[in-house]
Amino acid sequence: MTWPFSLTDEQAMWRVQTTDDHAAFARLVERWETPIQRLCARMTGDLHRAEDLAQEAFTRVFSRRRDFEPSGRFSTWLWRIAINLCHDELRRRQRRPECSLDEPAAEDGPSGADSREGAALTPAEVVEKLEQAELVRRAVLRLSESLRTVVILRHYEGLKFNEIAEVLGIPEGTVKSRMFEALERLAVLLRHQRPE
433 MTWPFSLTDE
443 QAMWRVQTTD
453 DHAAFARLVE
463 RWETPIQRLC
473 ARMTGDLHRA
483 EDLAQEAFTR
493 VFSRRRDFEP
503 SGRFSTWLWR
513 IAINLCHDEL
523 RRRQRRPECS
533 LDEPAAEDGP
543 SGADSREGAA
553 LTPAEVVEKL
563 EQAELVRRAV
573 LRLSESLRTV
583 VILRHYEGLK
593 FNEIAEVLGI
603 PEGTVKSRMF
613 EALERLAVLL
623 RHQRPE
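This is the structure we're talking about:
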């Protein structure tokens with residue numbers, strides 16, 4: 433089946449919803465797989481588990497395709513599914529903590545830093561930036577789920593406050609107050625953390 437690649441995500445999802453269009457679904461997965469994996473990695477701190485969670489998110493999208501509201505945004509619906517999966521995973525971990533022998537970095541570079549910046553840095557500066565990014569990553573993982581979610585969606589995924597409110601189903605003012613509280617807690621956590 434041929435269809436223009438200029439379809440919006442909502443139009444592609446409508447095709448998936450109404451005709452089980454596998455090409456349209458593949459387009460959505462291709463477009464959103466990396467952002468969803470990145471979100472899950474940042475929420476859970478585990479890159480390998482994030483890949484599984486992202487796959488589960490798309491499985492849920494397809495199995496619940498009839499639940500999608502065409503008047504809504506596909507991205508909002510997908511973010512909400514992925515965030516809920518991450519919250520479920522974190523609750524599961526609290527009930528059965530796992531001991532990891534290695535802590536893979538949940539990011540594809542020093543805290544999402546501009547890759548052009550690395551070319552002008554000395555090796556010592558690169559190591560220092562990586563250490564700082566790791567400190568921030570660990571501090572973010574220590575935040576409560578509700579605060580971590582807001583920080584990740586805003587600062588790592590680039591969503592606006594109104595978009596975060598829509599994804600989480602809470603008022604924009606609540607998003608802003610959670611962000612304020614999260615930044616205050618991060619400042620305290622980072623003040624007390626020292627590189628090992």
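Each residue of the sequence shown is one higher than the one before, counting from 433 in the numbering used here.
No residue lacks a Cβ here, since even glycine has one placed at the ideal position from N, Cα and C.
All of these numbers come straight from a predicted model, not from anything done at the bench.
Since residue i contacts residue j with CB under 8 Å, what's their CB separation in whole angstroms?
| i | j | result |
| --- | --- | --- |
| Ala486 | Ile468 | 4 Å |
| Ile596 | Arg586 | 6 Å |
Using the rule of at least 16 other Cβ atoms within 10 Å of the residue's Cβ for burial, across every protein chain shown, is residue i buried or exposed?
| i | result |
| --- | --- |
| Glu557 | exposed |
| Ala444 | buried |
| Glu462 | exposed |
| Val559 | exposed |
| Arg447 | buried |
| Ser438 | exposed |
Residue i and residue j: beta carbons closer than 9 Å?
| i | j | result |
| --- | --- | --- |
| Ser578 | Arg617 | no |
| Leu615 | Val583 | yes |
| Gln564 | Phe500 | no |
| Glu604 | Phe612 | no |
| Val493 | Ile515 | no |
| Glu488 | Leu510 | no |
| Leu471 | Ala458 | no |
| Arg497 | Asp452 | yes |
| Thr508 | Glu589 | no |
| Trp464 | Asp484 | no |
Check for me: the alpha helix (DSSP H) holding residue i runs from which residue to which?
| i | result |
| --- | --- |
| Ser495 | 479-495 |
| Ser377 | Beyond the ends of the chain as shown, which are 433 and 628, falls residue 377; an answer cannot be given. |
| Lys608 | 604-624 |
| Ile468 | 454-476 |
| Lys517 | Before going on, a small fix: residue 517 reads as Leu here, not Lys. Note, Leu517: alpha helix (DSSP H), 506-527. |
| Ile596 | 593-600 |
| Arg586 | That residue, Arg586, is in no alpha helix (DSSP H); it is neither H nor E in DSSP. |
| Ala444 | 441-451 |
State yes or no: is the C-beta of residue i nearer than 8 Å to some heavy atom of the ligand SAM?
| i | result |
| --- | --- |
| Ile468 | As far as ligands go, the structure on display features none, and thus does not contain the ligand SAM. |
For this session: Check whether the stretch 558-570 touches the stretch 491-507, taking contact to mean three or more Cβ pairs, one atom from each stretch, closer than 8 Å.
Result: Flag = no, the stretch 558-570 and the stretch 491-507 do not touch.
For this session: Count the C-beta pairs between the stretch 511-521 and the stretch 471-491 that are closer than 8 Å, then say yes if the count reaches three, no if not.
Result: yes
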